[in-house]
Structures are given as C-alpha cells and as structure tokens.
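Report on one structure; see the data block that follows.
So this is what it looks like as structure tokens:
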C-alpha cells in the first residue's frame, strides 16, 4: 500500500466450541460421520420441537470473554436471524444480536518494541449452519448437496473493532486469538475442519483521515494464509480502483485460492434485513458474579503470562517464548524438560527447531509427539558429557523420533559415540595433513579457510564422530609445528 492510503480492517472470527453435544440438542458434535447422521428433530427445526440451551457452551463463552478482557453482560438473549439458504434447514439461525454475552474486550499483538492493542467489540453465542458440499457436474450442470451434521454445533463469534491496519497484523491477531482459545481448551481451532473460520471487513482511506471508507467483506476464510493473502489483494484492488476514479462498492466477496484474487458474491449496497426478533423458546441468560468467578478460576496460565514467565525465569527472547506458546502443549513439553535440565536456550532451540521440523514433516501435532522431555534432556546431557557431538545429536534425534528409543539406546545401537581420545585423533589428523599438502600450504600462506577444509576431511574420516573442539585443537597444534619447522 502506498503512503497516501491507510487500510482499515476488522475481523469476525467464528469458533466452534469443543462441547460433546450441540447448542440446543443432544446430537454429537464429532467431526465427520456419514452426511446427515448427526441430526435430530430439534437441530433440524421440525415443528413442535423446543431448543434447550447447552450450559457448557455458555461456560466456555464466558471463559473466552474473560481471557479476552471482555465485560460479561448481566443480561443477554437469543434472537432468530431469518434468512433463506440451503445450509440453514430451519430458515433462521438462533443467534445473539442486540444483547450479546460479552462486550468491550481487547488483546495485544506485536513485538516487544511495538505492541498494539486490538479491541474486541463483542463475543456472542449462536448455532452453526450446515455445510454445502460441491460436486462436479450432472451432464453439464454443477451441483451441491447439503450435510446438516454441523448444523446446531455451538459457535462463538468474536468481532474485533476496525483497529487492524495490515495483513501481517491481522495474521498476528488470529494467531494470538487461536493460542488463547487453545490454552483455555474451549476449541480445537482446527481450521481445516472448520472449527475456526474468519470473515474480513476491509476498507481504505486517505492517510491521516478519520473517516471510514466503503467496507468490503470477504467471507469464509479458513487459513491464516488465506486471510493474509486475501487482505493484501483486496487492499491493492481498492487502492487501484480509487486511483482510477472508480467507486468502491459495498459488497461481499470470496477468496479464490487458485487464482489468488477476491471475487464478488453479492452486493450489500442496501442493508440486508434479517428480521431479528427474540427467540420465543429460550429465556434470557442472566449472569452473576458467582458464575463469572467460577469460570475465571478455571482459566489456566494464558499465552501472554507464559511468555513473560519464560522471558523472566529462563531469559529467553520474546521470539523463542512466542514460539513455545503458540501451542499450549509445546509449553508443557518445555516446562517438563526444564525440570530436568538447566540450559533453557538449548531446550528451546531443539523444540522450536528439530522437534517442530519432524512434527511438520510427518503431519503431526505436539500431542502426537513420540518423544518425551526425558529423552530430549537425556540427549542434551550426552552432548554436555562429550559422548556425542552436535552433528551426531541431529542423527540421534531423528532416530529417537522414529523409534521412540532413548538417546543412549540409539548411540549404542548405531555406534555413534563421539571420539574424544586424543591419541586416536592425533593419527587421523596427521594422515589428513599428509594427504592434503596443498591445503596445508594454503593455510600457512594465510588462507584461514583452508583449515575448515582440513577439519571437514577429519570429520569425514571419522564419520562425524570426532570431538570438534579437540579436532580443532590438535589440527592447530600440528599446523603450528609445521610452520615452525619452516
């Protein structure tokens, strides 16, 4: 974006809660299953049925609101949001409108140098809709079928104020929000399963202006990458249009991942009338201090608090601490390792580096991790004792990840013990020097990089098992003696 314009972004995040049953009936919320098997007369909206509110969903929403620094309203109620769409079997959605459960919250995103406050407008409860499944063609006509298994699943909508100013900040906001939700355990936040979805409202205005531009909404973004890329594209599209003298149309657009563009879905030039009215079959939700405090006590250590603890207690950088708190289970692994080992930086490096690499390579989450903190710290202790080198440790770690064996077992079975016997290494160093006279001459004439080549040859001869520090010491001693003779 040019310096002449400023983007204004607000996000509406839809979060499926991790309850066992749906919002207003006893149907399972399990993901998957044969289409239209997780349904009943209540979530299908059949005549004569009555909804019954899932208290666990309300508890989870209160916990979320508290974690987002919101004010819990004393009185909230449900309304019927009327619209007609194939995935909405009742012809209306039970949602909260004018009296939401919580309002006026905030979270902070950014770095130590520049933390930005993103305000939360509201957190409200509603039921999820079904899902359209699109297929190829019947003859030449594309077609879609409807799966209502998801209809009625407890949903929270978390609406930010238009405080976000870039795609990077939007991504950071979503990452922080996801971390909070996973820490408190109210949702699995699996975007690939639709547990976390996002709508982005985007407009641009002249730099320094306080007036909002015409807002465009991008619907149903289901990955952080899609959020960032669609926002970047939409900002550029609106800026080009304004510079060309075109008028921005208030509309709903969709993100086409394959083309990398947003496409118009429908105009919103005229406000859509959902004909909200109070849900006649549900009483209002009345909260009190006792209920709120009961839920507050259930909150665990939140991401910001854990980041501060890691920085203060273990002197980690904010970067390392942020990585360790992206998933609550990663922090649990780190904390367990730190009860058995003292070098916090080494533990953080191996978790954020090799462990995350192997998990990603195998499509696994930290909860599926075959390694234990005891195995990691056992390997680090072997490095400290000089039994294995850093290079060998990477081999050991990879084998531990595959086999689940301890570092001691892997080293013994693979014969990976580090060679730290000076007399053995002296002979190997002497042989490498004798076999590489040109490199020796290069080093003696001032080309220090030649020493690196010689070290590499020594490590190659020992299959990476030589103690690197001892190799360097012995090599320099022998080269010094050669130099003195000349």
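In the numbering used here, the protein residues as written are 558 to 1043. Ideal placement from N, C-alpha and C gives every residue a C-beta, glycine not left out.
Item                                                                                                                                                                              : Value
Looking at the secondary structure, which residues open and close the beta strand (DSSP E) in which residue 822 lies?                                                             : 818-824
Identify every run of the beta strand (DSSP E) within the region 725-813, keeping only runs that are complete inside it and at least 3 residues long; order them along the chain. : 753-763, 773-778 and 808-813
Across which residues does DSSP place residue 662 in a beta bridge pair?                                                                                                          : 677
Using the beta-carbon count (16 or more within 10 Å), is residue 636 buried or exposed?                                                                                           : buried
To the nearest angstrom, how far is it from the Cα of residue 967 to the Cα of residue 1034?                                                                                      : 34 Å
Quick one: residues in its chain with C-beta nearer than 7 Å to the C-beta of residue 961, no 5 flanking neighbours on either side, listed in chain order?                        : 927
With a cut-off of 8 Å on the beta carbons, I'd call residue 1019 and residue 985 a contact; round off their distance for me.                                                      : 6 Å
Give a yes or no on contact between the region 790-801 and the region 597-605, applying the rule of three or more CB pairs nearer than 8 Å.                                       : no
Can the beta-carbon of residue 680 be found closer than 8 Å to that of residue 628?                                                                                               : no
Between 586, 567 and 581, which lies nearest to residue 575 when the distance is taken from Cα to Cα?                                                                             : 586
Can you tell me whether residue 691 is helix, strand or coil according to DSSP?                                                                                                   : strand
Run through DSSP, which three-state label would residue 834 get?                                                                                                                  : strand
Go through its chain and collect everything with a Cβ distance to residue 705's Cβ below 6 Å, but skip five positions before and after it.                                        : 593, 596, 646 and 687
Just to check my reading of the structure: residue 712 and residue 683 have Cβ atoms closer than 8 Å, yes? What is that Cβ distance to the nearest angstrom?                      : 5 Å
Cβ atoms of residue 755 and residue 610: under 8 Å apart, would you say?                                                                                                          : no
Could you give the distance in angstroms between the alpha-carbon of residue 889 and the alpha-carbon of residue 860?                                                             : 12 Å
Below 8 Å between beta carbons: does that hold for residue 572 and residue 753?                                                                                                   : yes
In the DSSP assignment, find the unbroken beta strand (DSSP E) run with residue 567 in it and report its ends.                                                                    : 562-573
To which residues of the same chain is residue 836 closer than 7 Å at the C-beta, ignoring the five residues directly before and after it?                                        : 635, 636, 637 and 651
Who are residue 703's beta bridge partners in DSSP?                                                                                                                               : 689
Which whole runs of the alpha helix (DSSP H) in the region 917-967 are 4 residues long or more, in chain order?                                                                   : 930-941 and 947-960
Given a threshold of 16 other Cβ atoms within 10 Å of its Cβ, counted over all protein chains shown, does residue 655 qualify as buried or as exposed?                            : exposed
Would you mind reading off the limits of the beta strand (DSSP E) that contains residue 712?                                                                                      : 711-717
Which value, in whole angstroms, describes the spacing of the CA atoms of residue 719 and residue 749?                                                                            : 26 Å
If residue 664 sits next to residue 727, beta carbons under 8 Å apart, how far is it from one beta carbon to the other, in whole angstroms?                                       : Incorrect: roughly 13 Å between the Cβ atoms, too far for contact.
Take the Cβ of residue 653 as the centre, count every other Cβ of all protein chains shown within 10 Å, and call the residue buried at 16 or more, exposed below.                 : buried
Of all the options 772, 799, 747 and 781, which has the alpha carbon lying nearest to the alpha carbon of residue 810?                                                            : 772
By DSSP, does residue 887 sit in helix, in strand, or in coil?                                                                                                                    : helix
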